[in-house]
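When we follow full-length UniProt numbering, the leftmost residue of the sequence shown carries the number 1, and every step to the right adds one.
Don't be surprised by glycine CBs; every beta carbon is placed ideally from N, CA and C.
Here the structure is a predicted model, which means the values were calculated and not measured.
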Amino acid sequence: MSTTVDTSSTSPSAALLNTVNSKPKVATDSVKADTDKFMTLLVTQLKNQDPLNPLDNAQITSQLAQLSTVTGVNKLNTTLESLKASYQSSESMAATNLINHGVLAKGNTLALTGGKGIFGVNLASPADKVQVDLKNESGKVVHSISMQGVDAGTLPLVWDGKDADGKVLPDGKYTVAVSATLAGKELKDAIPLTFGTVASVSTGAGGVKMNVPTIGQLTMADLYQVL
C-alpha cells in the first residue's frame, strides 16, 4: 500500500493518523511499527514543507498527542492480553492440581456408593435451622438431617446410606432438598451441593474446564469447596 504526501498543505497529512487509525486492530499489531510509520511520514512532510507556508506547530502537537493516545491504548491492550494469558496459565495449573480431588458444586444429585454418599449445603447467610431431606428416585424422603444454628458458608456432609429406621438402602442415585429459616422466616439462599471427582482438565476458547464425570464440566468459579 502506498501513501501520498501532500506537500502543499499547511497541516500534517491525514495519512499520518490513517496509518495508525484506519486499519483494524488485531492482536498482532505492532505498536512500534505504527509509531515508526507515523514519524516517517511526519519527517517527510517536514522536509518537503514550503518554507513560506510552514506546517502549523499546534496541529503537529495535536497529531502527536493523538498518536500518544493510540499508542497508549495499544500498549494497554497488549498488557491486558499478556495478563489474560498469564491468568489462564495460572488457572490451568491450579485446575490440573485438582485432578483426583473431590469437589462440591451446585447441584441436588447424590450418589450413594458402597454405603456412602457425599454432598453439601451452602448458606449465603446464617440460619437458625436447616433441614436436609434425602429422596430416592421415586421422590420419597428416605432420610432427613436437622441442624440448628448453622453459620453462613459451605458445609460438607456424609450420609451413611441408612434410612430413619437404620435400614441400609441400596446404592444408587438420590436427590437432596434443603430448606433453612432465620427468625421464623424462610431463607431463599440455601442450596444443595453435589459431589464429584475431577478426572481431567480441558483448555479452550471457553477457558479452563474441569471434567467431573458425575457432574459435567466445571470452572474454578463453580467450585464451592475442594475436599
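Q) Cα separation between Leu110 and Asp133? A) 11 Å
Q | Glu81 classed as buried or exposed, judged by whether at least 16 other C-beta atoms fall within 10 angstroms | A | By the 16-neighbour rule on beta-carbons within 10 angstroms, Glu81 is exposed.
Q. So who's on the other strand from Pro192, going by DSSP bridges?
A. Val121
Q.
Can you tell me where the beta strand (DSSP E) holding Glu186 begins and where it ends?
A. Lys185 to Leu187
Q: Assign Leu227 to one of three DSSP states: helix, strand, or coil.
A: coil
Q: Check whether the Cβ atoms of Leu169 and Asp163 lie closer than 7 Å to each other.
A: yes
Q | For Ala180, three-class secondary structure by DSSP | A | strand
Q | First and last residue of the uninterrupted beta strand (DSSP E) at Thr109 | A | Thr109 to Leu112
Q) Using the beta-carbon count (16 or more within 10 Å), is Ala221 buried or exposed? A) exposed
Q | Backbone secondary structure at Thr214 - three-state DSSP | A | coil
Q: Less than 8 Å between the CB atoms is what I'm expecting for Leu123 and Asp165, so what's the real figure, rounded?
A: Not really, about 29 Å apart at Cβ, beyond 8 Å.
Q: Please say whether Thr197 and Gly102 have beta carbons closer to each other than 7 Å?
A: yes
Q: State the DSSP-derived secondary structure class of Lys140, mapped to helix, strand or coil.
A: Of the three classes helix, strand and coil, the one that applies to Lys140 here is coil, per DSSP.
Q | Proximal residues to Gly149 (C-beta, below 7 Å), its chain only, five neighbours per side dropped | A | Asp128
**Q.** Through-space distance from Phe119 to Thr175, alpha-carbon basis
**A.** 10 Å
**Q.** Among Leu193, Gly115, Asp160 and Val178, nearest to Ser146 - alpha-carbon criterion
**A.** Val178
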